[in-house]
Each structure stands twice: as structure tokens, then as C-alpha cells.
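Asker: Just remember that the numbering used here sits 211 ahead of the position in the sequence shown, which is counted from 1. Idealized CB from N, CA, C, for every residue including glycine.
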Amino acid sequence: MSSPLPIAFPTFANNKENNACKDALRQLCDLGYYFPLAGLYLLVALMGNSRGFRTDAPTIWQKRVIITRNYLSKRMNLNLQHKKAIVCGSTQGIGKAAAIGLAQLGATVTLLARNEEALQATRKELPSPNHQQHSYICADFGHPEQVQQAVSEWLKEHGGAHILINNTGGPPGGQAIDAALSEYTDAFTKHLICNQLLAQMLVPYMKSEGFGRIVNIISTSVREPLAGLGVSNTIRGAVASWSKTISMELAAFGITVNNVLPGYTKTGRLASLIKARSQQQGKTEDEIAQGMLAEVPARRFAEAEEVANAILFLCSPAAAYITGINVPVDGGRIRAL
């Protein structure tokens, strides 16, 4: 099904010329090129002279759109039309921003979280430029057997997914040495065990399609451990190691596995960390926030959508040769190379 036209096209005197304009732009839109530059290029191509458009406009459109398609298809293909994605932790923050972005690029999105009311509300917010029928799965990552059962039921109806975004709320803060064993096992279950479970359930379909994208949203702590986040540092490192390992196992099947490492991002998680540090250090929340900003060369916190943009790229056809890496989105905070 053709995409709706996101950019304007010129109006000609006869319908044949109008239809040629529409068809040319739709071809670009179906490739995922939603940029005004592409449309502008084609509009300029139609200009025969300063007096107006050429009388052979349809022929020009047809020739120039082929040239433009050939050029752009070798450059940046972000189109996810006909792709299916499961996004975990997708009712708020980075997960929600990623779900919205994937839907905008044409993917049919399935939200996965534990709050059904929030899932229903978020599904209504998902765009459908290609008339996608989005869905959701309600399950708690604290109970892997529940996740397995819920996803198994979803697979019976939907067959599988090309894209998996692993994303789960981080463990509570605190010193690693003081953490109870139950804190480690709980975090291990919610992060690594559920990631493994979902990968095992979805990879067979990805292999059959010759296309797969697994993106794990973890933390910059895999590069530089963060003070006061002992359990999180430990678990995130385990996920990063798991990710690198399976990236090597799956690359030959057209499946990439990468990690996105968000820095300080304006989400509920950041707000809770600031509040906890404020109470621990006897400072105001503003003082804590300013201290955190001082660590970031960009001197601001990230928007969730900025982190999502990195996720979207890694999910796209354009990122087919990128696998097994960590991508920090942190405003330059990590000092390591």
C-alpha cells in the first residue's frame, strides 16, 4: 500500500501531470525518504525554464525519479514498511519514544509492558502512515513464565517480529556491596533472562525473513560504572556481554544486535535518581541536577526522542552492516574513547 504524501506537490493543468507528480513522490515515500529535499529535487527537475513547467512533465518525473531513487537507495534507507517490531517498556520514556518513531517509519508496532491501561493509551498515540494495525502484550518482566506465555499467544496470531527492542526499568540505586542477593537475582531476571527468552522466541522468524534487528537499551555504565548504581552497573555489563556474543552468532543470518547507551535523559528514571541523591546528600534536587549537568559537555539532559533516533537508525536497512557495538547517546559525558 502506498504511503500518504508528507510533502506538497505542484498542481498542473491536466490530471496526467498531477498523477505523475503524485506517483513520483509516493515512490520516494515508500522507500522511506520523507525529506523535503527529495521533493525539492524533483520539483526543480521539472522546471524547464523561468516561465514555468515543461509540457513533458510526466516524462521528466518518471526519468528523474528513477535517478533519484537509485541515488538515495544507495544512501540512507530508513523505511520500515512491512516490518513488525516488539518494543519492551514502551509506555513511557525512551521505550515509548522508540515505539512512536518505529511506527512513523512504517513498522507495525507491538508494545510490551505490564500496565494494560497505559498500553491501551500508548497504542492510541502510535502513528499509522501505512495504516498499520498496532497491538500490545501485557506481561511483567518480573515473571518470565508470564512473558513467555503472553508472547506465545501473540505469535500464534502475528507470526513473529523483525525488530526487538529490549528495554526494562533499571534497578534501585545503592552500593553494590550493600545490595541483597534478591536485588541481583531480580535485576538479572528482568534484564538478561527476559532478553534471552524474547530473543529465543523471535530469532527463528528473523532468520526466515533474512532480516532482524535486536537493540538493547542499557546504560553508559557498561563503559564507565556509575557511582551509587551498583546492581545496575553489574547487570548492564552482563547484558552488554550477552549482546556481543549473540551478535557474532546471528550476523550471518542478516540479524544485527546492538546496544544503545543513554546518558542523562529526561525520563522518570532520571527524576527518581535525582530525588534519591537529593535525600542521600542533603542537597536540593536542583543542586543535584546542576551537578549532573556539569558532567555533560552538551550542558543539558537528552530528550527521549534523541535517544530513540539512534535506536531507529540501528533498526533500519541503512544499518545492516553495523552489529555488536555500543552506541552512547550521552552528550559527550563518557570520557573514554
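In this structure, does DSSP put Pro-415 in helix, strand or coil?
Answerer: The count along the sequence shown starts at 1 and reaches residue 415 at position 204. Helix.
Asker: The alpha helix (DSSP H) with Val-362 in it runs from where to where?
Answerer: Position 151 of the sequence shown, counted from the first residue, corresponds to residue 362. Where Val-362 is concerned, the enclosing alpha helix (DSSP H) stretches over 355-369.
Asker: What does a CB cutoff of less than 6 Å around Ala-309 pick up in its chain, not counting 5 residues either side in sequence?
Answerer: Here residue 309 refers to the residue found at position 98 when the sequence shown is read from its first residue. The answer, listed in chain order, is Val-298, Ile-376, Ala-519 and Ile-522.
Asker: What's the C-alpha gap between Gly-535 and Arg-424?
Answerer: As a first step, residue 535 is located in the sequence shown; it is residue number 324 there, counting from the start. As a first step, residue 424 is located in the sequence shown; it is residue number 213 there, counting from the start. C-alpha separation (whole angstroms): 11 Å.
Asker: According to DSSP, which residues form a beta bridge with Tyr-554?
Answerer: Residue 554 is absent from the model: the chain starts at 212 and stops at 548.
Asker: How many whole angstroms separate the CB atoms of Gly-317 and Asn-341, which I take to be in contact at a CB cut-off of 8 Å?
Answerer: Here residue 317 refers to the residue found at position 106 of the sequence shown. Here residue 341 refers to the residue found at position 130 of the sequence shown. With a Cβ gap of about 5 Å, Gly-317 and Asn-341 count as contacting.
Asker: Using three-state DSSP, classify Leu-316 as helix, strand or coil.
Answerer: Here the question's residue 316 lines up with position 105 in the sequence shown. Leu-316 falls in the coil class under three-state DSSP.
Asker: With distances taken from CA atoms, which of Gln-292, Ala-505, Tyr-347 and Gly-439 is nearest Gln-492?
Answerer: Locating residue 492 in the sequence shown gives position 281, where the first residue counts as 1. Among Gln-292, Ala-505, Tyr-347 and Gly-439, the Cα nearest to that of Gln-492 is on Gly-439.
Asker: Can you grab the Cα-Cα spacing for the pair Gly-263 / Met-287, in whole Å?
Answerer: Residue numbering aside, residue 263 sits at position 52 when the sequence shown is read from its first letter. Residue numbering aside, residue 287 sits at position 76 when the sequence shown is read from its first letter. Note that Gly-263 scores a pLDDT of 46, beneath 50, so its modelled location is shaky; the value from the coordinates is reported in the next line. Those two C-alpha atoms are separated by around 32 Å.
Asker: Between which two residues does the alpha helix (DSSP H) carrying Ala-547 extend?
Answerer: For the purposes of this step, residue 547 is taken as the residue at position 336 of the sequence shown. That residue, Ala-547, is in no alpha helix (DSSP H); it is neither H nor E in DSSP.
Asker: Would you mind working out which of Phe-512, Val-468, Lys-494 and Asp-497 sits nearest Thr-478, comparing C-alpha positions?
Answerer: Numbered from 1 along the sequence shown, position 267 holds the residue referred to as residue 478. Considering only alpha carbons, the answer is Phe-512.
Asker: Let me know the secondary structure DSSP gives Gly-535 once reduced to three states.
Answerer: Within the sequence shown, numbered from 1, the residue matching residue 535 stands at position 324. Gly-535 falls in the coil class under three-state DSSP.
Asker: Just the C-alpha distance for Val-358 and Gln-490, rounded to the nearest angstrom, thanks.
Answerer: Here the question's residue 358 lines up with position 147 in the sequence shown. Here the question's residue 490 lines up with position 279 in the sequence shown. The straight-line gap from Cα to Cα measures roughly 35 Å.
Asker: Which whole-angstrom value describes the C-beta separation of Arg-334 and Leu-323, a residue pair presumed to lie in contact below a C-beta threshold of 8 Å?
Answerer: By 1-based counting over the sequence shown, the position of residue 334 is 123. By 1-based counting over the sequence shown, the position of residue 323 is 112. In fact, because the Cβ distance is near 11 Å, the residues do not count as touching under 8 Å.
Asker: Are Leu-525 and Asn-469 close, meaning C-beta to C-beta below 8 Å?
Answerer: For this step, residue 525 is matched to residue 314 along the sequence shown. For this step, residue 469 is matched to residue 258 along the sequence shown. Taking 8 Å as the Cβ cut-off, Leu-525 and Asn-469 qualify as a contacting pair.
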